[in-house]
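Below you'll find the structure, written out as structure tokens, and then a few comments.
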Amino acid sequence: MSEYFRQEKITLQYMPIFLCTRALFLVLMIWLPAVQVFIMLMAASFSYGFRNDTEIEHMLPLSDEELKRMRLERGTMIWMRYLLVALLGSALAFLFPKDILFRGELFEKPLVYGAFFLLEMAMIYETLMERFIKNSRKNYSLFRFVFCSIPTICLFTYAFSSMSFHKFMPVFMEGAEWIHALILLTATALMAIYCGKLYRDWKLSDYHQDAEQAGKQKGNGRKTHEH
34 MSEYFRQEKI
44 TLQYMPIFLC
54 TRALFLVLMI
64 WLPAVQVFIM
74 LMAASFSYGF
84 RNDTEIEHML
94 PLSDEELKRM
104 RLERGTMIWM
114 RYLLVALLGS
124 ALAFLFPKDI
134 LFRGELFEKP
144 LVYGAFFLLE
154 MAMIYETLME
164 RFIKNSRKNY
174 SLFRFVFCSI
184 PTICLFTYAF
194 SSMSFHKFMP
204 VFMEGAEWIH
214 ALILLTATAL
224 MAIYCGKLYR
234 DWKLSDYHQD
244 AEQAGKQKGN
254 GRKTHEH
């Protein structure tokens, strides 16, 4: 945790523009709670990368487990930051009338929204994991489709349906409220399992690829020298 705050202090000290972007993020999350999932997804795609130890961390005498722990801690701290802001935006959306905040129809169904919020935060964490694991070789398998793609489709279906502006009946307005909550909770469980598999299969591929490339270059150098 202390390392995360150290990095944040350095970032804000040398790039104060991020104070403006974070203030904008906070305003949008509070003013537009109906689209907070899309705001967080866009922000999560960039948030992890803005740090100042990217190049030097491979020069430090750290083990793979230590590097993984550092990246996991940073990703988790960013997720917690999003969680607190999302909770604040959601709480204010329930307190203020819809004429003031664009809160969407999901807030008319508190039980459904609670389950949706859990799926929303699970997906944000998965997005951050893809960033700090640097999973460039995504395995487009049946497992990924069931445990990641289907929950993502479910999340977007409910999110877009909440912004229908009464042109279409939102999907969660039909049927019992607990059924929709169960669907969303099931999708959350699937996403959690997928995140667990991502962590179990996590290897510092960027490090090993760099080492492999260096070995190949060294081998090519030897062959050239021999010739």
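Per our numbering, the very first residue in the sequence shown carries number 34; after that it's consecutive.
Ideal placement from N, C-alpha and C gives every residue a C-beta, glycine not left out.
Residue interval of the alpha helix (DSSP H) (run including residue i)
i    : result
A126 : D97 to L128
L141 : In the sequence as displayed, the identity of residue 141 is Glu instead of Leu. It is not in any alpha helix (DSSP H) - E141 carries neither H nor E in the DSSP assignment.
E210 : E210 to R233
V70  : Q69 to S80
L57  : I50 to W64
P203 : No alpha helix (DSSP H) holds P203; DSSP gives it neither H nor E.
C181 : Run containing C181: none; DSSP gives neither H nor E here.
Residue i classed as buried or exposed, judged by whether at least 16 other C-beta atoms fall within 10 angstroms
i    : result
P23  : In the structure displayed, the chain extends from 34 to 260; residue 23 sits before or after that span and is not available.
C53  : exposed
I166 : buried
E88  : Unreliable positioning characterises E88 in this predicted model, as indicated by a pLDDT of 49, which lies under 50. A coordinate reading is not provided.
S123 : buried
R233 : exposed
L175 : exposed
I72  : buried
E163 : buried
R104 : buried
G108 : buried
A155 : buried
Closest residue to residue i among the options (Cα-Cα distance)
i    : options                   : result
S80  : L65, M110, M62 and A67    : M110
F150 : P130, S182 and Y191       : Y191
F180 : E163, A220 and W211       : A220
T185 : Y47, L74 and L59          : L74
Y173 : E99, H213, Q69 and Y227   : Y227
P143 : L128, L175, D132 and E163 : L128
I183 : P130, L152 and E207       : L152
E106 : L134, L161 and L139       : L161
Y115 : G147, E98, A76 and F178   : A76
M132 : A148, E159, W64 and S78   : Per the sequence shown, residue 132 should be read as Asp rather than Met. Closest by alpha carbon: W64.
L120 : H213, G147 and E99        : G147
L134 : L231, M62, E207 and S78   : M62
L139 : A222, A214 and R177       : A214
Expected contact under 8 angstroms - CB spacing of residue i and residue j to nearest Å
i    : j    : result
P66  : A126 : 4 angstroms
L237 : K101 : 7 angstroms
V145 : F205 : 5 angstroms
S195 : G137 : 4 angstroms
W112 : I157 : 6 angstroms
V70  : L188 : 7 angstroms
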